[in-house]
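Novice:
Residue numbers (the working numbering), protein chains in the order written: chain A, -17 to 302; chain B, -17 to 302.
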């Protein structure tokens, strides 16, 4: 289990990544340390304008999700759950100077939105990882709490991802670098997934499963939907694809997990993906459950992650 | 030149796409018309909950851009420019029920945000095109007004895209459909680009050029930046790639143009891409111009498009 003590921001370290007992967030970029200033443009933060170690040095848990409102709701929820001394009004969007992403800090927990799709989360992750590196954060766990389409499981089920796969059911992320394609592993932290799954067993109000998660580049044609502006395949072909996905172990589809897994893995972040399913894609394409049902579904990954964080922090939980 | 008269929402038509003299927005999906209801989930609109022809039937210009704040600013700017009778306070976010996108309507002009990257704009376009189809819109011009990195041109220059190309400098968009890859043309409307370029000649306050636009899947490694969390190539290799792009006719890089061109083309929307460049990538990677300079740059495409729309609407322009 990772240490939950705040990182010492003043200690001198000869090597950021081998400091005894601590696993520091690292970058894989030989040019970064020689830069006079690093402007994290899409977060509206920077190394000269902000004291990043002071602001973020004690971060141990980073939770990311697509929707800004949902990540604000999660921040407010965590504030309540961690029973922190400061007032709810003190929880301000740290990235208020930009509308690309929003970010809230609640004690050792950072809650950040990433928009929809691989490119959008990738920009956020580059700048988040640099932020954690500049802030000298160590032993950071990062969890994507998202929404997804389920395959063969009841709507409202939560899926903990054991393997993030692409449209071809392969556990890989293809990164275009200049005009080359580099294939990266999308392996997630197995122990973390197990720990989260054990945590979920204590929650009786919704089902949680472990399974593969498919990550696509769009919501309609790439996910076999018949209700987009474009659809060139038959109902049978679409259903056959989803059934093949199910048989390959895939239990849900979303749009960020492969690049999330690949980048976190390369930079020393223990990562997990926990998404609720809003519908069962073997039954329908449209998300048309009542608004209050969808809102309740979206709270489920938050509840699980809150429980997990409190366990890690050694806080007693008598509420569920 | 397209008709600017409002579409008749009550006329009966036997064929949406061949009605004399009008070019209707169409979908390429044989299943859509048989659906009892179409929920445009990410726009928080639907065919049963909203009267789409009444709300949107007169739309002739759709302007899209990544940032919600920028698209709200554009809506307020157009409201001023078109001198519409209603008050500025009446301009409300039509998609206020969701935080995925925002949308404003100013007379015949729709202003919508699309987030960052191909997947994010693709979801919005599927639902926007269905909206325009359900609303029986005709003769619609769609323009992406965005920000970009320039190649070999002064920061602040505006680029009108003549061809949207991928990371390999090819005018194509590769769409994954189920587990197949389908290559689509990214051809944009040449006459529209010319019309916009002619319009720009009347603006003396900033330079506008016509050139190819490269569309990438990320902001850092895919665009040859040395300042991401990950960088595996040398400074020389990165610069060589950008120079080869320049020699291939590319004048700016952004993250949405190929799928935008491909989808609009397939659905009968005359499309253009007009982006300002925030920096010259042959000189630097970081966007670190002062805030007020960047804000002024971002107004430039808006100024050009406002001029274009007013010309199309036959409104006199004495202001520039």
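Just so it is clear, CB atoms sit at the ideal spot from N, CA and C, and this is done for glycine as well.
Return the chain-ordered list of same chain residues with a C-beta closer than 7 Å to the C-beta of residue 91(A), the five sequence neighbours on each side being excluded.
Specialist: Counting only Cβ-Cβ distances below 7 Å, and skipping sequence neighbours, we find 43, 45, 60 and 291.
Novice: Let me know if residue 118(B) comes out buried or exposed under the rule of 16 or more other beta-carbons within 10 Å of its beta-carbon.
Specialist: buried
Novice: The beta strand (DSSP E) that contains residue 157(A), what's its start and end?
Specialist: Counting along the chain, the beta strand (DSSP E) containing residue 157(A) begins and ends at 154 to 159.
Novice: Pick helix, strand or coil for residue 85(A), following the three-state DSSP scheme.
Specialist: Three-state result, residue 85(A): strand.
Novice: Restricting to Cα atoms, I'd like to know which of 173(A), 215(A), 245(A) and 264(A) is closest to residue 228(A).
Specialist: 264(A)
Novice: Is the shortest distance between the beta-carbon of residue 108(A) and the beta-carbons of chain B less than 7 Å?
Specialist: Among the CB atoms of chain B, one or more fall inside 7 Å of the CB of residue 108(A).
Novice: From the DSSP output, read off the bridge partner residues of residue 262(B).
Specialist: 132(B)
Novice: Classify residue 281(A) as helix, strand or coil using the three-state DSSP reduction.
Specialist: helix
Novice: Out of 97(B), 62(B) and 63(B), which has the shortest C-alpha to C-alpha gap to residue 51(B)?
Specialist: 97(B)
Novice: Helix, strand or coil for residue 236(A)? Go by DSSP, reduced to three states.
Specialist: strand
Novice: Please work out which residues of its chain come closer than 6 Å, Cβ to Cβ, to residue 77(A), disregarding the five sequence neighbours upstream and downstream, and give them in chain order.
Specialist: 25, 26, 83, 84 and 85
Novice: For residue 10(A), I'd like the list of residues in its chain whose CB is within less than 8 Å of its CB, leaving aside the five on either flank, ordered along the chain.
Specialist: 248 and 249
Novice: In or out: residue 305(A) buried (at least 16 other Cβ within 10 Å) or exposed?
Specialist: This structure does not reach residue 305(A), given that chain A is present from -17 up to 302, and the question cannot be answered.
Novice: Apply the 10 Å Cβ neighbour rule to residue 143(B) and answer buried if 16 or more other Cβ atoms are within range, or exposed otherwise.
Specialist: buried
Novice: With C-beta atoms as the reference, is residue 206(A) less than 7 Å away from residue 223(A)?
Specialist: yes
Novice: Rounded to the nearest angstrom, what separates residue 233(B) and residue 17(A) at their Cα positions?
Specialist: 26 Å
Novice: Among 134(B), 130(B), 163(B) and 55(B), which has the Cα closest to the Cα of residue 95(B)?
Specialist: 55(B)
Novice: Taking Cβ to Cβ, would you say residue 23(B) is nearer than 7 Å to residue 269(A)?
Specialist: yes
Novice: Please state whether DSSP places residue 51(A) in a helix, a strand or coil.
Specialist: Reduced to three states, the DSSP call for residue 51(A) is helix.
Novice: Mark residue 103(A) as exposed unless 16 or more other C-beta atoms lie within 10 angstroms of its C-beta, in which case mark it buried.
Specialist: Burial call: buried.
Novice: Consider the Cβ of residue 9(B): report whether some Cβ of chain A lies at a distance smaller than 7 Å.
Specialist: Yes, residue 9(B) lies at the interface with chain A (some Cβ there is under 7 Å from its Cβ).
Novice: Indicate the three-state DSSP secondary structure (helix, strand or coil) for residue 193(B) in the structure shown.
Specialist: Three-state DSSP puts residue 193(B) in a strand.
Novice: Output needed for residue 66(B): all residues of its chain with C-beta closer than 6 Å, excluding positions within five of it in sequence on either side, in chain order.
Specialist: 89
Novice: I'd like to check one pair, residue 107(A) with residue 196(A): are the Cβ atoms closer than 7 Å?
Specialist: Their beta carbons are not under 7 Å apart, which means residue 196(A) does not touch residue 107(A) by this criterion.
Novice: In whole angstroms, give me the CA-to-CA distance for residue 123(A) and residue 53(B).
Specialist: 35 Å
Novice: Would a check of beta-carbon distances place residue -1(B) closer than 7 Å to chain A?
Specialist: Confidence is the limiting factor: at residue -1(B) the pLDDT is only 44, short of 50, which leaves the residue's position unreliable, though a coordinate-based value still follows. So no, residue -1(B) is outside the interface.
Novice: Can you tell me where the alpha helix (DSSP H) with residue 166(A) in it begins and where it stops?
Specialist: Residue 166(A) -> not in any alpha helix (DSSP H); beta strand (DSSP E) instead, spanning 162 to 167.
Novice: Note down, in chain order, each residue of its chain lying with its Cβ closer than 6 Å to the Cβ of residue 267(A), except the 5 sequence neighbours on either side.
Specialist: Contacts found: 207, 208 and 209.
Novice: Would you decide whether residue 238(B) is buried or exposed? Buried here means 16 or more other CB atoms lie within 10 Å of its CB.
Specialist: buried
Novice: Can you give the beta carbon distance from residue 141(A) to residue 191(A), rounded, assuming they're within the 8 Å contact cut?
Specialist: A Cβ-Cβ distance of about 6 Å is found for the pair residue 141(A) and residue 191(A), placing them in contact under the 8 Å criterion.
Novice: Since residue 20(B) and residue 29(B) are thought to touch, with beta carbons under 8 Å apart, how far apart are those beta carbons, to the nearest angstrom?
Specialist: 5 Å
Novice: Is the Cβ of residue 234(B) closer than 7 Å to any Cβ of chain E?
Specialist: Although the question refers to chain E, the structure presented lacks it and instead comprises the protein chains A and B.
Novice: With DSSP as the reference, label residue 219(B) as helix, strand or coil.
Specialist: helix
Novice: Pull out every residue of the region 261 to 276 of chain B whose Cβ sits closer than 7 Å to any Cβ of chain A, in chain order.
Specialist: 268, 269 and 270
Novice: Could you check which residue in 198(B), 171(B) and 115(B) has the C-alpha nearest to that of residue 163(A)?
Specialist: Of the candidates 198(B), 171(B) and 115(B), the one whose C-alpha sits nearest the C-alpha of residue 163(A) is 198(B).
Novice: Among the residues of its own chain, which have a CB less than 6 Å from the CB of residue 262(A), if the five just before and after it don't count?
Specialist: Once the five neighbours on either side are set aside, the close Cβ partners of residue 262(A) are 132 and 137.
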